[in-house]
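S.K.: Here's a structure for you.
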Amino acid sequence: MKSRLAEHYPFKSNYLDLDGVNYHYLDEGSGPTVVMLHGNPSWSFYYRNLVLALRGSHRCIVPDHIGCGLSDKPGDDRYDYTLPRRVADLERLLDSLELPQKLTLVVHDWGGMIGMAWAVRHPERIERLVILNTAAFPLPAAKPFPLALRICRDTWLGTLLVRGFNAFSRGAARVGCKRNPLSPELRALYELPYDSWQNRIATLRFVQDIPLQPGDRNYDLICDVSDGIGQFDTLPMLICWGEKDFVFDRHFLAEWQRRFPAAELHRYPDAGHYILEDMQKEIIPIVLNFMNKS
1 MKSRLAEHYP FKSNYLDLDG VNYHYLDEGS GPTVVMLHGN PSWSFYYRNL
51 VLALRGSHRC IVPDHIGCGL SDKPGDDRYD YTLPRRVADL ERLLDSLELP
101 QKLTLVVHDW GGMIGMAWAV RHPERIERLV ILNTAAFPLP AAKPFPLALR
151 ICRDTWLGTL LVRGFNAFSR GAARVGCKRN PLSPELRALY ELPYDSWQNR
201 IATLRFVQDI PLQPGDRNYD LICDVSDGIG QFDTLPMLIC WGEKDFVFDR
251 HFLAEWQRRF PAAELHRYPD AGHYILEDMQ KEIIPIVLNF MNKS
């Protein structure tokens, strides 16, 4: 399957040394900068088609979070798999690159919290935002925490399923696209980096790092991000949303709409969590138009 990767992912790999841990990222094209941040359990592969569409006119920076994609997958003794470290990694990467003052941030899933935490610290760097089935605030009050995530987050059974059987990555690859299900080959490529117990460490740690209530690790941080994102209400924002996402569902979308009523919104009632994959042919032209007009 590795031999098939280059056909779908025809990019040069770049690495930043984070104190002995290799942080993989794409740096494609030139022009205004677009930073794309993936979530769990995907990787930079998720953005491949958007990079291909934009790199002729923009500089596309797309990291793999540590433990994901083509980045190193160290044990807990070498890396702190928590939100503050994720934000610090992103900051080190962006500081190491020769970027213009302002950039476009594209975020999905955990990429939303990581990216918006960085954005709240550096609001002067943000020119526009593209929001894809994600959050930058605590779980909405009306949204129950899904049982499948609770099992993965809080039980040994979840650890066995995620790290032993790759259930999280495999499940996401199968249910993440609703209107246009992924082919077996694309599912295999999404799962490719997560091919052993050790290499699935981040898949589990991301779920275990979800703060749900006061007192949970990093709950204060996500509340600070939630309080800070309102400063972006005057910036151009595009929201593309798959409404058949069992986690980031209508409750999360309603919260984005409440906070950013002027955002350009495209909602897809029959699309899933991997919205950029599921609705690729519709969304990529929308993003290109958004970048050009705003």
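Residue numbering for the sequence shown follows full-length UniProt numbering, starting at 1 and increasing by one per position.
For each residue, glycine too, the CB sits at the ideal point set by N, CA and C.
(1) Taking 8 Å as the threshold, find out whether the region 257 to 271 comes into contact with the region 140 to 153 through three or more Cβ pairs.
(2) Suppose the cutoff is 7 Å on Cβ atoms and the five residues either side in sequence are ignored; what does the same chain contact list for glutamine 231 look like?
(3) Report yes if the C-beta distance between lysine 20 and cysteine 60 is below 9 Å; otherwise report no.
(4) Should glycine 39 be labelled buried (16 or more other beta-carbon atoms within 10 Å of its own) or exposed?
(5) Smallest Cα separation from residue 295: which of Pro193, Arg170, Asp195, Ala119?
(6) Since glycine 242 and asparagine 133 should fall inside the 8 Å C-beta cutoff, what is the C-beta to C-beta distance between them, to a whole number of angstroms?
(7) Is cysteine 223 helix, strand or coil when you go by DSSP?
(8) Using DSSP with H/G/I as helix, E/B as strand and the rest coil, what is glycine 111?
(9) Expressed to the nearest angstrom, what Euclidean distance is found between the alpha-carbon atoms of cysteine 2 and tryptophan 43?
(10) Using a threshold of 9 Å, state whether the C-beta atoms of valine 51 and methionine 291 are closer than that.
(11) Compute the Euclidean distance between the alpha carbons of proline 269 and arginine 78, then round it to the nearest angstrom.
(12) Between the region 4 to 15 and the region 82 to 95, are three or more C-beta pairs nearer than 8 Å?
(13) Quick one, which of Pro236, Ser226, Leu235 has its alpha-carbon nearest phenylalanine 252's?
(14) Proline 211 and cysteine 68: beta carbons closer than 9 Å?
(15) For phenylalanine 168, tell me which candidate among Val207, Glu255, Gly215, Ile126 has the shortest Cα-Cα distance.
(16) Measure from the alpha carbon of serine 96 to the alpha carbon of each residue in Ala136, Arg163, Ile283, Asp27, then state which is nearest.
(17) Here's the rule I'm using: 16 or more other beta-carbon atoms within 10 Å means buried, otherwise exposed. How should aspartate 220 be labelled?
(18) With C-beta atoms as the reference, is proline 236 less than 9 Å away from arginine 125?
(19) Answer yes or no: do glutamine 101 and asparagine 180 have a C-beta to C-beta separation smaller than 9 Å?
(20) Using the Cα positions of glutamate 255 and glycine 215, report the straight-line distance between them to the nearest angstrom.
(21) Should histidine 108 be labelled buried (16 or more other beta-carbon atoms within 10 Å of its own) or exposed?
(22) In this structure, what does DSSP give as the bridge partners for proline 63?
M.R.: This is what the structure gives:
(1) no
(2) Pro123
(3) For clarity, residue 20 is glycine in the given sequence; the question names lysine instead. For glycine 20 and cysteine 60, no; Cβs fall outside 9 Å.
(4) buried
(5) The shown model of the chain, from 1 to 294, leaves out residue 295, and the question about it has no answer.
(6) 6 Å
(7) In this structure, cysteine 223 counts as helix in the three-state DSSP scheme.
(8) helix
(9) It is lysine, not cysteine, that sits at residue 2 in the sequence shown. Straight-line Cα distance between these residues: approximately 15 Å.
(10) Their beta carbons are not under 9 Å apart, which means valine 51 does not touch methionine 291 by this criterion.
(11) Going from the Cα of proline 269 to the Cα of arginine 78 covers about 42 Å.
(12) The region 4 to 15, when compared against the region 82 to 95, does not touch it at the 8 Å Cβ threshold.
(13) The residue with the shortest Cα to Cα distance from phenylalanine 252 is Ser226.
(14) Taking 9 Å as the Cβ cut-off, proline 211 and cysteine 68 do not qualify as a contacting pair.
(15) Val207
(16) Asp27
(17) exposed
(18) no
(19) Result no, Cβ atoms of glutamine 101 and asparagine 180 do not sit closer than 9 Å.
(20) 23 Å
(21) Result: buried.
(22) Tyr25
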